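Asker: Numbering (my numbering), first residue to last: 412 to 981.
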């Protein structure tokens, strides 16, 4: 019989008998907790009684290929192969493979094209798998299990690389984007453990990081910060280099926080909660992402929200919930574009392909669904929703309408994250002497971020030339300030491989421009040489804000950004 002294300590002292029939990301056995009256105030289903599943899973239809979701007409595929709850899912190997973890104690690799299982990974756990993660280069995977272990495998061969056992249940595990570290969220210890992914040495062990059990943790894109969320409704950002907690957000939600994920820039963090909402946070200030009235994604789920994932360009966000749906959110405008229905039970995890054409969802109904969203903006429901929001259907953000003027080289596809009153475009600004165009991007009173991913192959550089070691990649940017307000500016340029993993980077943080400084142009430039083979992308990232916190657009002015590739003559 399960005996727990108080309700406040139930999550810290659950024995193995109480988790063998675990549900959701919250590691509880409903029958055991109900018998002991411990779930009255913490049951996620109390938020939506209509979503409570029966003990017997509903009979599933046969595998459907190319079927359509009835209301949205979104094509989908059903992937069947697990014998219990599918708890975690990912895309890998350039979106050609899928990875899943399940309460049937297996981790499976799937073929995304035909939906078949390629392999089960050897020496599998002896208890339900809570979460799995894959490195950016798709060479290794890691999984956390209820048997208190974290295991790593070689994705190509399926061989076990290493296994470690913790003293407590492991509620979450993630690889860092660079593949160097693995972070684990520890249940009873309420802490995080960061390990070297090669030699399994402990880099940091932070016990009692939270006041209650940790539900999820993840690295930022630079592999330098770890975000963790907990049943205590708190968000923490921990710095790997300084080994300090950079940010703590208390009472971030009205109920337990279930999951979290960073934007690709690392500037914002999304959290999901049992209170049926998602929130997007500025990780530098601890404030809500602020643009217009968008602070909380409220109208989307009718039950607990279990998972979230940003698209690589942060243009949209997806979430899964215990209401059996997958929600697709417009990040810029802060509303739900579409809700995908079809799963017969809770949606446990969601993922987005790198090319943004596919969504993968994992469910308690023992299946995964692969949704084709390539034509989502042409769906009548989406068009109707955008009209209702007063938005015009465009392929890019309104603030980028003059993109071709600001980027004379013709590189398309800016990813934009707004701070303060957001980015703005101004013409007839004398910033660069002799420049044919005097159009500038202008920032506001909080950090504004802008990123463009340049595909070198698409721009006409064949792979043999890129790997010839005879190239130089020259990057430059012009920036300045208004006379009456100072500004701060930063630039980061990264060379990426075919999997968009960082190979080498250049960062510049010039001294701030003081108030009442005469307007003048300033150039930042760098030449990449001897960077080796395999470079396929250039990630050009700008940050700017003012120094006076003035409402409006008084921050750094940015213009004439350029990425040029030239052949080095020997």
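Ideal placement from N, C-alpha and C gives every residue a C-beta, glycine not left out. Since the structure is predicted, the reported quantities are computational estimates derived from the model, not experimental observations.
(1) Are there 16 or more other CB atoms within 10 angstroms of the CB of residue 983, so buried, or fewer, so exposed?
(2) Does DSSP classify residue 815 as helix, strand or coil?
(3) Return yes when the Cβ of residue 763 is within less than 9 Å of the Cβ of residue 502, no when it is not.
(4) When the Cβ atoms of the stretch 534–552 are set against those of the stretch 576–590, are three or more pairs found closer than 8 Å?
(5) Helix, strand or coil, according to DSSP, for residue 925 in the structure here?
(6) Can you give the Cα-Cα distance for residue 515 and residue 539, rounded to whole angstroms?
(7) Look at residue 714 and residue 687 and say whether their C-beta atoms are less than 9 Å apart.
(8) What are the start and end residues of the beta strand (DSSP E) that includes residue 837?
(9) According to the neighbour-count rule (16 or more other Cβ atoms, all chains shown, within 10 Å of its Cβ), is residue 748 buried or exposed?
(10) Please report the distance separating the alpha-carbon of residue 721 from that of residue 727.
(11) Residue 885 and residue 936: beta carbons closer than 9 Å?
(12) From residue 712 to residue 905, what distance separates their C-alpha atoms?
(13) Can you give the Cα-Cα distance for residue 610 and residue 571, rounded to whole angstroms?
(14) Check each candidate in 586, 566, 597, 834 and name the one with the smallest Cα separation from residue 579.
(15) Look at residue 861 and residue 850 and say whether their C-beta atoms are less than 9 Å apart.
(16) In whole angstroms, give me the CA-to-CA distance for residue 827 and residue 498.
(17) Does residue 682 pass the burial test, meaning 16 or more other C-beta atoms within 10 Å, or should it be called exposed?
(18) What distance in whole Å lies between the Cβ atoms of residue 948 and residue 865, which are believed to be in contact at a cut-off of 8 Å?
(19) When the Cα atoms are used, what is the spatial distance from residue 733 to residue 933?
(20) Report all residues from its chain with a CB closer than 6 Å to the CB of residue 890; omit the five preceding and five following residues, and keep chain order.
(21) Measure how close the beta-carbons of residue 506 and residue 769 come, nearest whole angstrom, since I'm counting them as under 8 Å.
(22) Identify whether residue 913 lies in helix, strand or coil by the three-state DSSP scheme.
(23) So the candidates are 663, 636, 652, 629; which of them puts its Cα closest to the Cα of residue 644?
(24) Label residue 825 either buried or exposed according to how many other C-beta atoms from any shown protein chain fall within 10 Å of its C-beta, with 16 as the threshold for buried.
(25) Let me know the secondary structure DSSP gives residue 962 once reduced to three states.
(26) For residue 941, is the classification buried or exposed, using 16 other Cβ atoms within 10 angstroms of its Cβ as the cut-off for buried?
(27) Residue 750: which of 765, 766, 790, 922 sits nearest, CA to CA?
(28) When the distance is taken between beta carbons, is residue 586 closer than 9 Å to residue 630?
(29) For residue 758, tell me which candidate among 874, 782, 676, 718 has the shortest Cα-Cα distance.
(30) State buried or exposed for residue 766, treating a residue as buried only when at least 16 other CB atoms are found within 10 Å of its CB.
(31) Please check the pair residue 755 and residue 485, which I expect to be a contact at CB under 8 Å, by giving their CB distance rounded to whole angstroms.
(32) To which residues does DSSP link residue 884 through a beta bridge?
(33) State the Cα-Cα distance for the pair residue 471 and residue 738, rounded to the nearest angstrom.
(34) Measuring CA to CA, which of 922, 963, 735, 555 is closest to residue 575?
(35) Ends of the alpha helix (DSSP H) at residue 876?
(36) If we count the other Cβ atoms within 10 Å of its Cβ and call it buried at 16 or more, is residue 962 buried or exposed?
Answerer: Considering the structure as presented:
(1) Within the shown structure, residues of the chain are numbered from 412 to 981, placing residue 983 beyond reach of any answer.
(2) At residue 815, the pLDDT of 27 sits below 50, so the modelled position is not reliable; the number obtained from the coordinates is stated separately. Residue 815: helix per DSSP, three-state reduction.
(3) Cβ atoms of residue 502 and residue 763: closer than 9 Å.
(4) Touching, yes.
(5) When secondary structure is reduced to three states using DSSP, residue 925 falls in the coil class, being assigned neither helix nor strand.
(6) Cα-Cα distance, rounded: 6 Å.
(7) In this structure, the beta-carbon distance from residue 714 to residue 687 falls below 9 Å.
(8) Judged by DSSP secondary structure, residue 837 falls within the beta strand (DSSP E) whose first and last residues are 835–837.
(9) With 16 or more Cβ atoms within 10 Å of its Cβ, residue 748 is classed as buried.
(10) Take the alpha-carbon of residue 721 and the one of residue 727: they are about 6 Å apart.
(11) By the CB criterion at 9 Å, residue 885 and residue 936 fall inside the cutoff.
(12) Rounded to the nearest whole angstrom, the C-alpha separation of residue 712 and residue 905 is 37 Å.
(13) When rounded, the distance between both Cα atoms is 14 Å.
(14) Checking every option, the nearest Cα to that of residue 579 belongs to 597.
(15) Residue 850 sits away from residue 861, with the two beta carbons spaced by 9 Å or more.
(16) Distance from the CA of residue 827 to the CA of residue 498, rounded to the nearest whole angstrom, comes to 32 Å.
(17) Looking at its Cβ environment, which holds 16 or more other Cβ atoms inside 10 Å, residue 682 is buried.
(18) Contact between residue 865 and residue 948 holds: their C-beta atoms lie close to 6 Å from each other, under 8 Å.
(19) Taking the straight line joining both Cα atoms gives about 52 Å.
(20) These residues qualify, in order along the chain: 900, 933, 967, 969.
(21) Contact flag correct, Cβ pair sits at about 7 Å.
(22) In the structure shown, residue 913 adopts extended strand secondary structure according to DSSP, grouped into three states.
(23) For residue 644, the nearest C-alpha among the options comes from 663.
(24) By the 10 Å Cβ count, residue 825 comes out buried.
(25) It is coil, neither helix nor strand.
(26) If you draw a 10 Å sphere on the C-beta of residue 941, you find fewer than 16 other C-beta atoms in it, and that means exposed.
(27) Relative to residue 750, the option among 765, 766, 790, 922 whose CA is nearest is 790.
(28) Yes, the pair counts as a contact, with Cβ atoms nearer than the cut-off.
(29) Nearest option by C-alpha distance: 718.
(30) Here residue 766 is exposed: its Cβ has fewer than 16 other Cβ atoms, across all protein chains shown, within 10 Å.
(31) Not confirmed; about 17 Å, so no contact.
(32) Its beta-bridge partners are 939, 976.
(33) Residue confidence for residue 471 is low, a pLDDT of 38 falling below 50, so the modelled location carries little weight and cannot support an answer.
(34) The residue among 922, 963, 735, 555 with its C-alpha nearest the C-alpha of residue 575 is 555.
(35) For residue 876, the enclosing alpha helix (DSSP H) begins and ends at 874–877.
(36) So residue 962 ends up on the exposed side.
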